[in-house]
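Have a look at the structure below before the remarks.
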Amino acid sequence: MSRKETISNLFLQKREAPAPSNATKPDTDRVRSGAIGAMGASLKEMAESARHATDLQKQLEEANSILEIEPSHVEPSKIADRITIDVDAAFDELVDSIRENGQQVPVLLRPLPDKDGRYQIAYGRRRLRAAEKLGIKVRAIVKKLSDYEVIVAQSRENLDRQDLSFIERAFFAKNMEDLGIERSVVISALGMDKADVSRLISVAKKVPEDLIKIIGSAPKAGRKRWLELLEQLEKPDMLSAAEDFLLRDELSKLDSDQRFSKLMTRLRVLGKARNEGSEDSAAKAWRSQDNLFSVTMNRKPRQLDVSFKSDKSNEFGDWLSNNLERLLSEFKQSNINTGD
Numbered sequence: 015m016s017r018k019e020t021i022s023n024l025f026l027q028k029r030e031a032p033a034p035s036n037a038t039k040p041d042t043d044r045v046r047s048g049a050i051g052a053m054g055a056s057l058k059e060m061a062e063s064a065r066h067a068t069d070l071q072k073q074l075e076e077a078n079s080i081l082e083i084e085p086s087h088v089e090p091s092k093i094a095d096r097i098t099i100d101v102d103a104a105f106d107e108l109v110d111s112i113r114e115n116g117q118q119v120p121v122l123l124r125p126l127p128d129k130d131g132r133y134q135i136a137y138g139r140r141r142l143r144a145a146e147k148l149g150i151k152v153r154a155i156v157k158k159l160s161d162y163e164v165i166v167a168q169s170r171e172n173l174d175r176q177d178l179s180f181i182e183r184a185f186f187a188k189n190m191e192d193l194g195i196e197r198s199v200v201i202s203a204l205g206m207d208k209a210d211v212s213r214l215i216s217v218a219k220k221v222p223e224d225l226i227k228i229i230g231s232a233p234k235a236g237r238k239r240w241l242e243l244l245e246q247l248e249k250p251d252m253l254s255a256a257e258d259f260l261l262r263d264e265l266s267k268l269d270s271d272q273r274f275s276k277l278m279t280r281l282r283v284l285g286k287a288r289n290e291g292s293e294d295s296a297a298k299a300w301r302s303q304d305n306l307f308s309v310t311m312n313r314k315p316r317q318l319d320v321s322f323k324s325d326k327s328n329e330f331g332d333w334l335s336n337n338l339e340r341l342l343s344e345f346k347q348s349n350i351n352t353g354d
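If you number the sequence shown the way our numbering does, the last residue is 354 and the count never jumps.
The following block contains the structure:
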């Protein structure tokens, strides 16, 4: 199939065949008239298709016209710049806006030279997803672009709209570098200096991608908060604790920023408990045989908190204070005897 035919098939819908006549005619007449009618309709459609294909080809070459493309004919960019999550209020708003007002801003596509009738998106991936969700064609500008031009166009659109979060920029930079794109091109695409790009890539390399897919883009979280998250995740068993926490059902209903905040709060609490010694693992309790005294001890790395509960707590506290020197001496002597 030629390129013009393929393009024509993309944009033209076949007309419905005319309804058959109710009049009863001999079978031979019906077959003859049907064949002639079908041939005439076919020739007419072919002529129309050829004219439309020529027009569409001219539009592609001029690359100034806005076309309507089936989302299923558009392939994703090689470099992901968005983090797709199940709960995305901003995306839902975009879908509602396009449903009510139509797609106001076209996406940018480039034709794939080795795949007739197929395209690759340069920018506008969310609008493409929205059109796909709504079951409509996506309005697009189609231009012949080099790989470099696709990268720059994708980056510039995001920078102009200022809607990529810190972690999305970080993974966008990392994804470009992973594909072997030179650092100078990455710097140009992001419009940042060398040091900032290096910091972005460094963060992206340290944050597990599986965790990012659960958290999402977290638009309100900047570099400082992501570095704090990394610091927490580097502690023993914190990564598995974070993954388990994020898989809770109640968190799936929150937006990305809320999930990030909840996770940070959880990791801070866990980190503090581990530094100080959690109550469950470190607390010890003792009760006298006559049940008149109960003692609770909470151990920390360099501290021991002891609490007494009894009607005679004050008297026992005075006695303990008066005997601390002797008790400490006995403790030291026991360490000498045991070799500790």
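Even for Gly, the Cβ is constructed at its ideal location relative to N, Cα and C.
Annotated three-state conformation of aspartate 161 is helix, per DSSP.
Nearest C-alpha to glycine 285 among Trp300, Ala255 and Phe307: Ala255. Excluding the 5 residues flanking it on each side, arginine 301 has same chain C-beta neighbours closer than 8 Å at Phe307, Ser308 and Val309, in chain order. Counting the other Cβ atoms within 10 Å of the Cβ of leucine 318 gives fewer than 16, which makes it exposed. It is roughly 26 Å from the alpha-carbon of alanine 184 to the alpha-carbon of tyrosine 133. Annotation: the continuous beta strand (DSSP E) that includes aspartate 319 extends over 317-323. Asparagine 312 has its alpha-carbon roughly 7 Å from the corresponding atom of valine 320. The residues Ala187, Met190, Glu191 and Val211, in chain order, have a CB closer than 7 Å to that of valine 200 in the same chain once the five nearest residues on each side in sequence are set aside.
The C-alpha of leucine 244 is placed about 33 Å away from the C-alpha of glutamate 89.
Taking alanine 144 as the centre and dropping the five residues before and after it, the same chain places the C-beta of Phe105, Leu108, Val109, Ile112 and Gln117 closer than 8 Å to its C-beta, in chain order. Counting only the Cα atoms, arginine 262 lies some 42 Å from serine 324. Per DSSP, the continuous beta strand (DSSP E) segment holding arginine 124 begins and ends at 121-125. Taking the Cα positions, isoleucine 226 is about 31 Å away from leucine 159. Cβ contact annotation for valine 164 (same chain, cutoff 8 Å, sequence separation greater than five): Ser91, Arg124, Gln134 and Ala136, in chain order. Closest by C-alpha distance to alanine 232, out of Gly131, Arg288 and Phe274, is Phe274.
Assigned with DSSP and collapsed to three states, isoleucine 228 falls in helix. Following the DSSP letters along the chain, one finds valine 152 inside the beta strand (DSSP E) bounded by residues 152-156.
Taken atom to atom, the span from the alpha-carbon of arginine 213 to that of glutamate 242 is near 14 Å. A straight line joining the alpha-carbon of leucine 204 with that of valine 152 spans about 26 Å. Look at the region 190-262 and you find these whole runs of alpha helix (DSSP H), each 4 residues long or longer: 197-204, 208-220, 223-229, 237-247 and 252-260.
Secondary-structure assignment with DSSP links serine 169 through no beta bridge to anything. Only exposed fits leucine 342, as fewer than 16 other CB atoms lie within 10 angstroms of its CB. For alanine 145, the enclosing alpha helix (DSSP H) stretches over residues 139-148.
Judged by DSSP secondary structure, leucine 108 falls within the alpha helix (DSSP H) whose first and last residues are 103-115.
Excluding its 5 nearest sequence neighbours in each direction, glycine 236 has C-beta neighbours in its own chain below 8 Å: Phe180, listed in chain order. When the five nearest sequence neighbours on each side are left out, the beta carbons in the same chain lying within less than 7 Å of the beta carbon of alanine 218 are those of Ala184, Phe185, Ala187 and Lys188, in order along the chain. Per the C-alpha coordinates, the member of Ser266, Met278 and Asp271 positioned closest to methionine 252 is Met278. Beyond the five residues adjoining it in sequence on each side, isoleucine 228 comes within less than 6 Å, by CB distance, of Leu260 in the same chain, given in chain order. When the five nearest sequence neighbours on each side are left out, the beta carbons in the same chain lying within less than 7 Å of the beta carbon of leucine 193 are those of Lys92 and Ile93, in order along the chain. Beta bridge pairing from DSSP links glutamine 134 with Glu89 and Arg124. A distance of 8 Å or more separates the beta carbons of leucine 81 and valine 166. Taking all protein chains shown into account, arginine 280 has 16 or more neighbouring C-beta atoms within 10 Å of its C-beta and is therefore buried.
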